[in-house]
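Numbering of the sequence shown is given in this note's numbering, commencing with residue 31 and proceeding in unit increments.
Glycine included, each C-beta is placed from N, C-alpha and C at the ideal position.
A quick note: this is a predicted structure, and the numbers were derived from the prediction, not measured.
For reference, the structure is listed below as structure tokens.
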Amino acid sequence: MNDQWTRRVWPPADDDTPKPMPPLMPTPPLMPAPVDDPPAHDDDLPPSAVWYGTPVEPPRRMPRWLQRLLVAGAAVAVAAVVIGGAVLVILNRSETAPPPMVADPLAGVSYSLPPEWTEGMVAPVTGFTSVAARGDLATVMARPEAHVDPDGLGPAVLDLSGLYAKLLLHGDKVEVVDDRDITIGGRPGHTRAVRAEYRDVVNQPAFMRVTLLTRPDGKSTVLLGLAHPDDPRSRADIETVMAGVH
31 MNDQWTRRVW PPADDDTPKP MPPLMPTPPL MPAPVDDPPA HDDDLPPSAV WYGTPVEPPR
91 RMPRWLQRLL VAGAAVAVAA VVIGGAVLVI LNRSETAPPP MVADPLAGVS YSLPPEWTEG
151 MVAPVTGFTS VAARGDLATV MARPEAHVDP DGLGPAVLDL SGLYAKLLLH GDKVEVVDDR
211 DITIGGRPGH TRAVRAEYRD VVNQPAFMRV TLLTRPDGKS TVLLGLAHPD DPRSRADIET
271 VMAGVH
């Protein structure tokens, strides 16, 4: 075979000539990262709200003055509940508790008191050993008395009422409104009531009742009731006290 066809032809074996390097491809420039389109926004929002969203409004705190007002209101409500409960307890007790009693062993009697009446420490009239009153509006007093026969009860009460009318009433006009025999707690007695009037415009009419009762031990008891000014409630209270004597 011909050596021309068997010899290597590319690249030539004996060709040591340096070959030029192929030109380098230019590096494509770096492209910025795509940016998402900004969200649709209201023209009134600031730029920061466009990119980061509408700021969330922080929770509102209750004003201090409103907090104090609510605390005060709660305290008032609690106090009202406590006071209401106390009033109910007092009312329940007053309905179930027995009326107060006045015991006068020297006069030989005891008697219960109407509402708003209280027992006094010392009677304002000498000789009386117990006293009860409703303020300065009505008063009942009791004292021991020497033995009086049943037939002498009326005249004795007449003398006593005249004496106490002069000492206590000082009325310009004294009118008898009641005079009769009575029996209280099984004890025979007599009672007399008078009404005093005054000429001046300052003093209002006054009421007085004197009751004399016999006692099982042979002695007697004097009850004296006074009301100034004279009014139906004071009269009724005095009648209640005297009628409850035992």
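Exercise for review: For His220, write down the residues that DSSP places opposite it in a beta bridge.
Suggested key: Working through the sequence shown from its first residue, we reach residue 220 at position 190. DSSP links His220 through a beta bridge to Asp211 and Leu242.
Point to revise | Beta-bridge pairing of Glu175 - partner residues as DSSP gives them | key: Residue numbering aside, residue 175 sits at position 145 when the sequence shown is read from its first letter. Per DSSP, the beta bridge partners of Glu175 are Ser250.
Check your understanding: Okay, do the stretch 130-137 and the stretch 219-236 touch, 3+ Cβ pairs below 8 Å being the bar?
Key -> Under the 8 Å Cβ criterion, the stretch 130-137 does not count as touching the stretch 219-236, having fewer than three qualifying pairs.
Review point. For Glu269, does the three-state DSSP call read helix, strand or coil?
Key: Numbered from 1 along the sequence shown, position 239 holds the residue referred to as residue 269. Reduced to three states, the DSSP call for Glu269 is helix.
Exercise for review: Under 8 Å by Cβ, that's how I've got Gly255 and Val187 pegged, so tell me the actual separation to the nearest angstrom.
Suggested key: The sequence position of residue 255 within the sequence shown is 225, counting from 1. The sequence position of residue 187 within the sequence shown is 157, counting from 1. Contact flag wrong, Cβ pair sits at about 13 Å.
Point to revise | Euclidean distance between Cα positions of Arg263 and Val161 | key: Counting from 1 along the sequence shown, the entry for residue 263 is found at position 233. Counting from 1 along the sequence shown, the entry for residue 161 is found at position 131. The alpha-carbon atoms of Arg263 and Val161 are separated by roughly 18 Å.
Review point. What is the rounded straight-line gap between the Cα of Thr270 and the Cα of Val101?
Key: Counted from its first residue, the sequence shown places residue 270 at position 240. Counted from its first residue, the sequence shown places residue 101 at position 71. If you take the alpha carbons of Thr270 and Val101, they lie about 51 Å apart.
Check your understanding: Residue range of the beta strand (DSSP E) that Asp134 falls in?
Key -> Locating residue 134 in the sequence shown gives position 104, counting from the first residue. Met131 to Asp134 is the span of the beta strand (DSSP E), which, as asked, contains Asp134.
Check your understanding: In whole angstroms, what is the alpha-carbon distance linking Arg245 and Val231?
Key -> Taking the sequence shown and counting its residues from 1, the one referred to as residue 245 is at position 215. Taking the sequence shown and counting its residues from 1, the one referred to as residue 231 is at position 201. Cα to Cα, Arg245 sits roughly 43 Å from Val231.
Review point. Skipping 5 residues on each side, what residues in its chain have a beta carbon closer than 8 Å to that of Asp247?
Key: Working through the sequence shown from its first residue, we reach residue 247 at position 217. Gly138, listed in sequence order.
Exercise for review: Answer with buried or exposed for Glu146, where buried requires no fewer than 16 other C-beta atoms within 10 angstroms of its C-beta.
Suggested key: Indexing the sequence shown from 1 puts residue 146 at position 116. Exposed, since its Cβ has fewer than 16 Cβ neighbours within 10 Å.
Exercise for review: Kindly indicate which residue of Arg173, Asp181 and Phe158 has the alpha-carbon position closest to the one of His220.
Suggested key: The residue you call residue 220 lines up with position 190 of the sequence shown. Comparing C-alpha distances from His220 to each of Arg173, Asp181 and Phe158 shows the shortest one belongs to Asp181.
Practice item. Determine which residues share a DSSP beta bridge with Val139 and list them. Key: Against the sequence shown, residue 139 aligns to sequence position 109. Looking at the DSSP assignment, Val139 forms a beta bridge with Asp134.
Review point. How is Pro128 classed by DSSP in three states: helix, strand or coil?
Key: One-based indexing of the sequence shown puts residue 128 at position 98. The answer is coil: DSSP assigns Pro128 none of H, G, I, E or B.
Point to revise | Contact under 8 Å by Cβ, Ser191 with Gly274 | key: Taking the first residue of the sequence shown as position 1, residue 191 is located at position 161. Taking the first residue of the sequence shown as position 1, residue 274 is located at position 244. In this structure, Ser191 keeps its C-beta atom at 8 Å or more from the C-beta atom of Gly274.
**Study point:** Minimum Cβ-Cβ distance from Val252 to chain D less than 8 Å
**Key:** Given the protein chain composition of this structure (a single chain), no chain D is represented.
Point to revise | N-terminal and C-terminal residue of the beta strand (DSSP E) that Val187 is part of | key: Taking the first residue of the sequence shown as 1, we reach residue 187 at position 157. The continuous stretches of beta strand (DSSP E) do not include Val187, which lies in the alpha helix (DSSP H) extending over residues Leu183 to Tyr194.
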